[in-house]
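2 protein chains.
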Amino acid sequence: MGMQRIVVLAGGIGGARFLRGLKKAVPDAEITVVGNTGDDIHLFGLKVCPDLDTVMYTLGGGIHEEQGWGRADETFTVKEELAAYGVGPDWFGLGDRDFATHIVRTQMIGAGYPLSAVTEALCARWKPGVRLLPMTDDRVETHVVIETEDGGRKAVHFQEYWVRLRAAPPAQAVVPVGAEQAKPAPGVLDAVARADVILFPPSNPVVSIGTILAVPGIREAIADAGVPVVGLSPIVGGSPVRGMADKVLAAVGVEATAAAVAAHYGSGLLDGWLVDTVDADAVPEVEAAGIRCRAVPLLMTDVDAAARMAGEALALAEEVRG
Amino acid sequence: MGMQRIVVLAGGIGGARFLRGLKKAVPDAEITVVGNTGDDIHLFGLKVCPDLDTVMYTLGGGIHEEQGWGRADETFTVKEELAAYGVGPDWFGLGDRDFATHIVRTQMIGAGYPLSAVTEALCARWKPGVRLLPMTDDRVETHVVIETEDGGRKAVHFQEYWVRLRAAPPAQAVVPVGAEQAKPAPGVLDAVARADVILFPPSNPVVSIGTILAVPGIREAIADAGVPVVGLSPIVGGSPVRGMADKVLAAVGVEATAAAVAAHYGSGLLDGWLVDTVDADAVPEVEAAGIRCRAVPLLMTDVDAAARMAGEALALAEEVRG
Chain A
2 MGMQRIVVLA GGIGGARFLR GLKKAVPDAE ITVVGNTGDD IHLFGLKVCP
52 DLDTVMYTLG GGIHEEQGWG RADETFTVKE ELAAYGVGPD WFGLGDRDFA
102 THIVRTQMIG AGYPLSAVTE ALCARWKPGV RLLPMTDDRV ETHVVIETED
152 GGRKAVHFQE YWVRLRAAPP AQAVVPVGAE QAKPAPGVLD AVARADVILF
202 PPSNPVVSIG TILAVPGIRE AIADAGVPVV GLSPIVGGSP VRGMADKVLA
252 AVGVEATAAA VAAHYGSGLL DGWLVDTVDA DAVPEVEAAG IRCRAVPLLM
302 TDVDAAARMA GEALALAEEV RG
Chain B
2 MGMQRIVVLA GGIGGARFLR GLKKAVPDAE ITVVGNTGDD IHLFGLKVCP
52 DLDTVMYTLG GGIHEEQGWG RADETFTVKE ELAAYGVGPD WFGLGDRDFA
102 THIVRTQMIG AGYPLSAVTE ALCARWKPGV RLLPMTDDRV ETHVVIETED
152 GGRKAVHFQE YWVRLRAAPP AQAVVPVGAE QAKPAPGVLD AVARADVILF
202 PPSNPVVSIG TILAVPGIRE AIADAGVPVV GLSPIVGGSP VRGMADKVLA
252 AVGVEATAAA VAAHYGSGLL DGWLVDTVDA DAVPEVEAAG IRCRAVPLLM
302 TDVDAAARMA GEALALAEEV RG
């Protein structure tokens, strides 16, 4: 086939690394990324979009490689000064280079630009080689309901749960606040409708891809696109490849297994599913649920490994297309 | 006399250095500083208050000593990153440490705090040893009217005139936009009413002290306070000690001489005036205009020199009080 049009729903680190592999696997493809904005947060009066930035920095060559998020060669002068003023929070690690991104974004939003236009402007510098769209221009904030020490319940911002609390308190519910009223950002539904294939990278199925799918219209557009939808399991051997996806899977009543995540997406949405070779015994269960399944190595140890995974996902898509 | 209550109207560098001397000269005095906010500017969506910060950093021990403004040990990572995004202006030198101040200020203003409360919060860190009040919580922006290349006129923000254009185009007018509608910040009129002496440091008489006096109520309160009002000439030997005060003096039709500046303030406001020893021949002219005048060294070469100047100003105030 000619130039493929690929739509990818992406969270942060896992999505970004998969996308880097995908670009290497199909350098001529036209890739549109629909990024999660549910973990966006206002810090120090600035709008921070961790997932969009991780994709942008990773594909644009500015990422802190080992850490997976934030900028390479980062310094922390502003953060130290804010601490000297007694201004928090101190648990979110914003570096000086990163601050500049949030300052530009906040200034543009304050001037009336929607997040999609702001993201495009930021990408004019980073040239990520994909079209990066926020899932929505509206404000959606993922909250996690946890148990308090006195036995009550309270909702905290996803970043507070994830970064400050290290996902230690059991999550009782995950709520994408504002999602029901949100509209897909300009270009999202059109990209889905024109896609040749739609991919779910090994991103968090609840707080990353799940949040994107919670924006009314996006799940339906994907299900109705009439093109192969293929996902890659973020769970390998019963635990998340990275991050703490198992914590939030429990909150939505889904077992932390490759098969259970496939079933959570469901055959109404998903046509193909890649599990890791260590989870090969899950293949029959997934296929019995009506989702084509293959077991291949799913550890993104480097860009080549990610490229091979992307190639496998596209091969499975062609197989599904039949 | 016991603990003196001193009110000082201050611009940036000159005011800050004078205040450092004043604190040394009368360590037990209760000093209230009414700071100019007419050169405040929004940069990158952040509210920057150059004069208030110069006073705060200088008295709090954080100033870049040689430069006279900005922070010591400063780095410029954020500014470089903003430039990489193509976001300007590039002519205003905000360092990383300084950015933190503006981030805190902007966040507090966004949360609804008036500038006076924000300034107090920032000073809780810097402990300047004076009560630092903005002249007003309302927005006042000093604009300078200049001639354009095609012979027309246009108004530019004071910082653009001062920093970007280095005061090169002749200033035709100086307009403190918003001053007429501004109210003195809480505490300003009360401090003036309770003062034992009021001082005008060798700050810019037009864009610093002149702007403060343009806030309705402040000039009147000073004139009616019934206590000595003593100023120090920013003009020594026919030119400004530092800065480009002569440029904006011309715009208001005032000659750049020590005597002309005293006359510009006028005997209705000013009781005493210090000129530099090189301007000793101006003393009779100033006194003939009804303002007590002495010639003393007015170069703030170090803190001790500034302290001696402050001491001379207070001595002249006592002489005026009679």
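First to last, the sequence lines map onto chains A and B.
In this note's numbering, each number is its position in the first sequence, counted from 1, plus 1.
In this note's numbering, each number is its position in the second sequence, counted from 1, plus 1.
No residue lacks a Cβ here, since even glycine has one placed at the ideal position from N, Cα and C.
Just so you know, these numbers come straight off a predicted model, no measurement behind them.
Contact with chain B by residue i, beta-carbon distance below 9 Å
i, result
"A/Ala-122", "yes"
"A/Ile-104", "yes"
"A/Thr-78", "yes"
"A/Phe-100", "yes"
"A/Val-350", "Absent from the structure is residue 350 of chain A, since the part of chain A shown begins at 2 and ends at 323."
"A/Asp-41", "no"
"A/Ala-316", "no"
"A/Phe-45", "yes"
"A/Gly-111", "yes"
"A/Ala-125", "yes"
"A/Leu-83", "yes"
"A/Asp-197", "no"
Residue span of the alpha helix (DSSP H) that contains residue i, given as start and end
i, result
"B/Trp-127", "116-127"
"A/Thr-149", "Unbroken run through A/Thr-149: none, as it is neither H nor E."
"B/Ala-101", "97-111"
"A/Thr-33", "Where A/Thr-33 is concerned, there is no enclosing alpha helix (DSSP H), although the beta strand (DSSP E) it sits in stretches over 31-36."
"A/Ala-296", "It is not in any alpha helix (DSSP H) - A/Ala-296 instead sits in the beta strand (DSSP E) that spans 293-296."
"A/Pro-185", "From DSSP, A/Pro-185 is part of no alpha helix (DSSP H); its letter is neither H nor E."
"A/Pro-217", "Per DSSP, A/Pro-217 belongs to no alpha helix (DSSP H) and is neither H nor E."
"B/Pro-285", "284-289"
Reduced DSSP secondary structure (H/G/I, E/B, other) of residue i
i, result
"A/Glu-161", "helix"
"B/Thr-76", "coil"
"A/Pro-203", "coil"
"B/Ala-11", "strand"
"B/Arg-243", "coil"
"B/Ala-156", "strand"
"A/Leu-270", "coil"
"A/Val-27", "coil"
"A/Leu-317", "helix"
"A/Leu-53", "helix"
"B/Leu-299", "coil"
"A/Val-276", "strand"
Residue i at chain A interface by Cβ criterion, 9 Å
i, result
"B/Phe-93", "no"
"B/Gln-108", "yes"
"B/Val-49", "no"
"B/Tyr-114", "no"
"B/Thr-302", "no"
"B/Tyr-86", "yes"
"B/Asp-97", "yes"
Bridge partners - residue i, DSSP secondary structure assignment
i, result
"A/Ala-174", "A/Val-146"
"B/Arg-18", "According to DSSP, which records beta bridges pairwise, B/Arg-18 is partnered with nothing at all."
"A/Lys-48", "A/His-43"
"B/Leu-134", "B/Val-35"
"B/Arg-6", "B/Glu-31"
"B/Val-198", "B/Ile-7"
"B/Val-237", "B/Ser-240"
Beta-carbon spacing of residue i, residue j below 9 Å
i, j, result
"A/Ala-224", "A/Val-230", "yes"
"A/Arg-72", "B/Tyr-86", "no"
"B/Ala-196", "B/Val-216", "no"
"B/Leu-60", "B/Ala-311", "no"
"B/Met-301", "B/Pro-203", "yes"
"A/Thr-55", "A/Gly-69", "yes"
"A/Pro-170", "A/Pro-115", "no"
"A/Val-146", "A/Gln-173", "yes"
"A/Ala-264", "A/Val-255", "yes"
"B/Gly-36", "B/Gly-62", "no"
"A/Phe-77", "A/Gly-46", "no"
"B/Ala-296", "B/Thr-278", "yes"
"B/Leu-10", "B/Leu-250", "no"
"B/Asp-91", "B/Ala-84", "yes"
The beta strand (DSSP E) enclosing residue i, as first and last residue numbers
i, result
"A/Pro-229", "Taken as a continuous stretch (DSSP letters only), A/Pro-229 belongs to no beta strand (DSSP E), as it is neither H nor E."
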